[in-house]
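Residue numbers (my numbering), protein chains in the order written: chain A, 1 to 137; chain B, 1001 to 1729. Just so it is clear, CB atoms sit at the ideal spot from N, CA and C, and this is done for glycine as well.
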Amino acid sequence: MIKPEREVRTICPYCGVGCSLFLHIKDDRIVRVTGDFEGAANHGNLCVKGRFGIDFVHAPDRLLAPLIRRDGKLIAADWDTALTEVVQRMAAIRREHGPESIAFLTSAKCTNEENYLLQKIARGVIGSSHVDHCARL
Amino acid sequence: MLKAERTVLTTCPYCGVGCGLNLHVRQNNLVRVTGDFDSPVNRGNLCVKGRFGYDFIYHPARITTPLIRREIGNREPPPAGADARSLFREATWDEALDLVADRLAVIRAESGPDALACFACAKATNEDNYLMQKLFRQIVGTNNVDHCTRLCHAASVVALQQAIGSSAMSNAASEVVESDVFIVTGSNTAETHPIIALQMKQGVHSRGAKLIVVDPRRVEMVEHAALWLQQRPGTDVPVFSAMAHVILEEGLANREFIARRTEAFDEFAASMKAFTPEYAERISGVPAEKIRQAARMFATAKNAAIYWALGIPEHTHGVDNALSLVNLGLLCGHVGRVGTGLNPLRGQNNVQGASDAGAMPWHYPGYQAADDPQVQAKFAEAWGFAPPARRGLTTPEIVGAAGRGEVRALFVMGENPMMSEPNLNHTAECMAKLEFLIVQDLFINETGALADVILPASAWAEKDGTFTNTDRRVQRVRKAVEPPGQARSDWEIIADLAGRLAGRVGRDVHSAPHAGWSYKHPGEILSEMGELVPEYRGVTYDRLEQDGLQWPVTDETHPGTPFLFADTFPRGRAKFHPLQYRPALEKADAEYPFILTTGRVLYHWHGGTMTRHSKLDEVYPEALIEVNPADGGRLGVRDGDPVRVTSRRGTLVVRAHITERVGEGVVFMAFHFVEAAANLLTSDALDPQAKIPGYKVSAVRVEAAPGMLLETEHFAAATSAIESRTRRT
């Protein structure tokens, strides 16, 4: 069995139970996940997704760069190009059709911090109250 | 959750897989067990017994002082309502061991050494077992030493010794992922060797291997199988011989291997002519076409292996059953390479090691024949004394001899024959005739309740030593916590007794290089065993720190041997054996129309001394008898109804579980539960060569028993424990 270099304590990304996990890391890869016996939610137990369902992180078809659709095809771009494109398009649409013409879907799989920021962009920067996520469903 | 102060790496005390465990310890308490990710055996995985079944060591019924029966020799059960403990008084170690030494010496003086016998223990360490057989051979002077291997793989051992000259698994269990095809027969692997079963499933699902299950029950492994051959209990020889017939007829045999590595082929091939698949179908119920498919699949595989457990040896023709598998492996040359092999899955954590250590009446340590005068001379030279060069009695023979008054005193270390022997009513009658019975264990179990002296032993987490797992891997057992009260390690108790007994029988413990008993640490015992057993010569504690070593390990630099027979067999050429079909001695008839077959469940262990003192017992608290729905309909028995089950030897009441896991005409019970002890029903008829009882075939009558009330919540728990593991059938 591969010997990890270090262990990182974190929270499971799957369901709402919120099991505490140890990610065992070697060469910047997650080689194993174990349950945290100090975890208030799981007391060391894990389900099969928490214990074994981490390999998607290292999947070969992960998105590795921003993509922009040009002539119907998604083309890799750098962050500056991609974010500039997003900002210019949003600004134009807001000018032409007003703030309420732009909507945001945030994510129940992202952190509190990420969700807070996206709704802050929607409300504070764009001025739109059209912010929702899969809690609705 | 309690924070552990330290963790101790050790080896699981349950099955023969030998998983690496980390014991988490806080203030001399075992607070948790986790799997060892660095173990080459389990790679961090554990089954429910290994992970949660350690709590028996803290059960309040543990015995913590030596106990002496108030009325020695009176084997009456305790009065109604009283606990077995009331039959005993507490004693000091000096008083108890002096009493044992006195009585053994007197009986030995009156009736000779062969009036004494012992059951060593497949749950104890190699060191414990080596010392137990040394005590009885060197000090007492008898070969009457056996243990539960007799009730387990004795017939596999005889068959493999005859055909090959070595009786352990030929290949490492983890090699199953390298097989293209593998046969699993007579093994409920997912429940009885769960971590090997994981690797089998990995072979099927990740590597595309084809699994052939040959079993009378729809065991969990059937869900992963390409082919399932459901034979009637006791008809293994026709099924496997018909496979050989097809392989010969269709020219699929490995002629090059047969010519180069085997002998006695022609006689064997001639005997296979009669085993047409149609003939086998009539006897076994397995469709001829399935036998043909299995034969072609096995023969044409690049690498194919055979795994078997007790469904093969526990028959009155158990040796023939095992030989039919050996023949098949040799016929296709599926031996001597990675991913092949003849692999008997050993049941107990250390049944391999106890056998290696010589806890058997026909063999000194290292399978050296007890009836060979040269071997006897070798051990006499090492120990200063060895018993006459003749075989001792096997466990069923010891029980029978006790019944006839020929064996007068019996020492039982850690086994529970009053649950595990066949035909328990007869066993009880025989045990009652013993003049002196010594039991060394953790609890007063069904056997301990009959004892004159009970010696409190240490559990696996409380002592140092080694276990040898099913694929010959010798691994360390490490002390993590102190034993309770005055309990001591088995090896320490035996060594103490040996010193006391040696003086009384006039044996000089300084007369030869290994005559002595002054061991300071079990490592010294393993070193002594290594001096006498070539396969263990290079096994020392300092080399076992992490992964263990797979024997043979012939010297201090030898790396161990993951698979055997690459170039040659221990007997030179492997030998084919001609076979004919012999039906089981036990037969169904109008009065006893069902065939009862027995086995284990995931949550329990054998006679129950450990798991029935664990929280595992709450998960699966009650015995069940599996009955096919068609039979249930005819008997008027629904799921959960109590039934009376009666054989020619005994009767009991148990709740029926209606399930298609068993075929029509077949019923199944596990043997863990004293409340419905399956071995009341089983037959003590033996295989003539191996002396193993035919546990797997007992004729019984099953009748509805509506008046009998049993705990309903127990039934709900036990059936849900089964159903959670298998699809609803």
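Listing by chain order, which chain B residues have their CB less than 8 Å from the CB of residue i?
i	result
Arg32/A	Phe1037 and Gly1044
Report buried or exposed for residue i, applying the criterion of at least 16 other Cβ atoms within 10 angstroms of its Cβ.
i	result
Gly1018/B	buried
Arg1661/B	buried
Tyr116/A	exposed
Ser1206/B	exposed
Cys1152/B	buried
Arg1727/B	For Arg1727/B, the predicted structure reports a pLDDT of 48, less than 50, and the residue's modelled location is therefore unreliable. A value from the coordinates is still provided. That one is exposed.
Glu1446/B	buried
Lys109/A	exposed
Thr1092/B	exposed
Ala40/A	exposed
Glu5/A	exposed
Thr1729/B	Because the pLDDT at Thr1729/B is just 40, under 50, the model does not fix this residue reliably, and the value given afterwards should be weighed accordingly. The residue is exposed, with fewer than 16 neighbouring Cβ atoms inside 10 Å.
Leu1131/B	buried
Asp1617/B	buried
Lys1302/B	exposed
His97/A	exposed
Met1360/B	buried
Thr1064/B	exposed
Asp1094/B	exposed
Gln1138/B	buried
Lys120/A	exposed
Trp1551/B	buried
Arg1404/B	exposed
Met1708/B	exposed
So, under 8 Å CB-CB, residue i and residue j are touching, yes? Tell me the CB distance rounded to an integer number of Å.
i	j	result
Phe943/B	Pro1417/B	With chain B represented from 1001 up to 1729, any question about residue 943/B goes unanswered, as that position is not in the structure.
Thr1598/B	Ala1670/B	7 Å
Pro1013/B	Trp1460/B	4 Å
Arg1408/B	Ala1115/B	5 Å
Arg1537/B	Thr1557/B	About 11 Å separates the two Cβ atoms, so there is no contact after all.
Asn1327/B	Ala1244/B	6 Å
Pro1216/B	Gly1663/B	6 Å
Thr1682/B	Pro1313/B	The Cβ separation is near 14 Å, so there is no contact.
Ala1155/B	Asp1687/B	5 Å
Pro1578/B	Ser1324/B	Not confirmed; about 11 Å, so no contact.
Gly1318/B	Gln1230/B	Not a contact, Cβ separation roughly 20 Å.
Leu1624/B	Gly1650/B	Not a contact, Cβ separation roughly 18 Å.
Leu1602/B	Val1667/B	Rounded, the Cβ-Cβ distance is 19 Å, inconsistent with contact.
Can you name the residues that DSSP bridges to residue i?
i	result
Trp1308/B	Thr1185/B and Pro1344/B
Ala1457/B	Arg1488/B
Gly1405/B	In DSSP, Gly1405/B forms no bridge with anything.
Ser1472/B	Rather than Ser, the amino acid found at residue 1472/B in this sequence is Arg. In the DSSP output, where bridge partners are listed per residue, Arg1472/B has none listed.
His1024/B	Thr1007/B and Arg1032/B
Gln1550/B	Arg1473/B
Ala1117/B	Leu1410/B
Ser1698/B	Leu1596/B
Met1669/B	Thr1598/B and Ile1625/B
Asp132/A	Leu105/A
Gly1572/B	Phe1569/B
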